[in-house]
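First residue of the sequence shown: 42, per the working numbering; consecutive thereafter. Structure first, then comments.
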Amino acid sequence: MQPVNSKRRQYFWGAGGLAVFAIICAVAGLLYAAPPGQQPVVFYTDDAISIHKGDTVRIAGIVVGKVQDLALEANRIRVRASVDRDAFVGDQSQIEVRMLTVVGGYYVTIVPLGDKPLGNKPIPRERVTLPYSLIQVLSDTTKVTEHVTTKPIEDSIDQLQHGVTDNNADVVTELLRTGNKLTESLQRQRGQISAILDMSNEYIGRLNDNQQLVEFMVDRIAIIEETLSLYRKGFAGAIAEFGEVLRRLEEPLHMYMDHRTDWLQRMQGLLNEFQAIADRRGNASGYLQRILRRIRYRMELSLDQQDADSRPELLATDLCIPVEGSPC
Numbered sequence: 042m043q044p045v046n047s048k049r050r051q052y053f054w055g056a057g058g059l060a061v062f063a064i065i066c067a068v069a070g071l072l073y074a075a076p077p078g079q080q081p082v083v084f085y086t087d088d089a090i091s092i093h094k095g096d097t098v099r100i101a102g103i104v105v106g107k108v109q110d111l112a113l114e115a116n117r118i119r120v121r122a123s124v125d126r127d128a129f130v131g132d133q134s135q136i137e138v139r140m141l142t143v144v145g146g147y148y149v150t151i152v153p154l155g156d157k158p159l160g161n162k163p164i165p166r167e168r169v170t171l172p173y174s175l176i177q178v179l180s181d182t183t184k185v186t187e188h189v190t191t192k193p194i195e196d197s198i199d200q201l202q203h204g205v206t207d208n209n210a211d212v213v214t215e216l217l218r219t220g221n222k223l224t225e226s227l228q229r230q231r232g233q234i235s236a237i238l239d240m241s242n243e244y245i246g247r248l249n250d251n252q253q254l255v256e257f258m259v260d261r262i263a264i265i266e267e268t269l270s271l272y273r274k275g276f277a278g279a280i281a282e283f284g285e286v287l288r289r290l291e292e293p294l295h296m297y298m299d300h301r302t303d304w305l306q307r308m309q310g311l312l313n314e315f316q317a318i319a320d321r322r323g324n325a326s327g328y329l330q331r332i333l334r335r336i337r338y339r340m341e342l343s344l345d346q347q348d349a350d351s352r353p354e355l356l357a358t359d360l361c362i363p364v365e366g367s368p369c
């Protein structure tokens, strides 16, 4: 009876140990799949060359988790990451894999979109963007070239092939011969080009040696240029003012042209009156001048009789100031 109880006890402890081990494994698996304070995020992609286990997961540049593992499925790659439970990941969220630095390294960015939480739903590969995907490049290339009509290209290649065969082969030979002659001509002219470059270097050297003179000439040219500019502005201003004067004289000139005959007659009469007044004043002035001359002559005689030294040495009448119409 004792051995039977012992075996039962062993079976019991064995079953209990297996149960405890199973519970521990389940808890460990649960903690691995969903660590405390973390939430799982699963997304699919076609190429995982830029995604590695342990890469950081960020939202708006802030690290909120990391990539846990990658698994290869039938026609896609499943990437599982864990992020902070406080970080909101919507049901329309997008995944972008970006370069960490210019020399390498990548990180996963979650663009949270949608009003409802993502939950356990995976993010499809249509909303996953990679920095470089060879599969996507080849796929896009196929889309570009699939609508290209190949017959015109084939016909062009056939015509080119027929063009360089038979008698037309001499054309290619002549073209190559012409290219060789052009190369030889350039080789002969290389010395001339070198001479031109030497002259340019000498010219630049002379300019460097006479830098102060060049600067002086530049300053003087600038002064001349500014002076011409000032005179140009002043001349332009004078022309503008002269134009304004002519504009203001426009109405008087129009009035003059309309009454020119009457105005000339009036001016002629006025000039005749002035001439008569001038003639009368001339006669009166001559008479007055003769009277003054007689008075001065009598005074000079009186001075000569009294004292010869009392007469002034120079009088105003001894000077002659020529004026228009009365030369000396």
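Backbone N, C-alpha and C fix where the C-beta goes; we use that ideal spot for every residue, glycine too. The model shown is predicted, which means the values in this text are computed figures rather than measured ones.
Comparing alpha-carbon positions, which option in V138, L154, D127, G102 lies nearest Y148?
Out of V138, L154, D127, G102, V138 has the C-alpha closest to the C-alpha of Y148.
Could you tell me the distance, in whole angstroms, from the CA atom of V108 to the CA atom of L59?
For V108 and L59, the distance between alpha carbons rounds to 32 Å.
With burial defined as no fewer than 16 other Cβ atoms inside 10 Å of the residue's Cβ, what is the status of T86: buried or exposed?
Label assigned to T86: buried.
Quick one: what's got a C-beta closer than 8 Å to D96's C-beta in the same chain, skipping five residues either side?
Excluding positions up to five away in sequence, the list reads K107, V108, Y147, Y148, V149.
Taking the alpha-carbon of G155 as reference, which of G131, L171, G232 has the nearest alpha-carbon?
When only C-alpha atoms are compared, the closest one is G131.
Give the secondary structure of E243 by DSSP, where H, G and I count as helix, E and B as strand, and everything else as coil.
Helix.
For chain C, find out if any of its Cβ atoms is closer than 8 Å to the Cβ of V83; answer yes or no.
The structure shown has no chain C; it contains just one protein chain.
Using the beta-carbon count (16 or more within 10 Å), is A122 buried or exposed?
Buried.
For E195 and Q202, what's the separation of their Cα atoms in angstroms?
Answer to the nearest angstrom: the Cα atoms are 11 Å apart.
Assuming I136 contacts R168 (C-beta within less than 8 Å), just tell me the rounded distance between them.
Confirmed, Cβ separation roughly 6 Å.
S134: buried (16+ other C-beta within 10 angstroms of its C-beta) or exposed?
Buried.
Select from F62, I245, T170 the residue whose C-alpha is nearest the C-alpha of R92.
According to the sequence as given, residue 92 is Ile; it is not Arg. Checking every option, the nearest Cα to that of I92 belongs to T170.
Output the distance between the C-alpha atoms of V105 and G78, rounded to the nearest integer angstrom.
Cα to Cα, the separation comes out at about 11 Å.
Note the first and the last residue of the continuous beta strand (DSSP E) segment covering V144.
From DSSP, V144 is part of no beta strand (DSSP E); its letter is neither H nor E.
Compute the Euclidean distance between the alpha carbons of E282 and M258, then round it to the nearest angstrom.
Approximately 36 Å between the Cα atoms of the pair.
May I ask you to report which of helix, strand or coil DSSP gives A128?
Three-state result, A128: coil.
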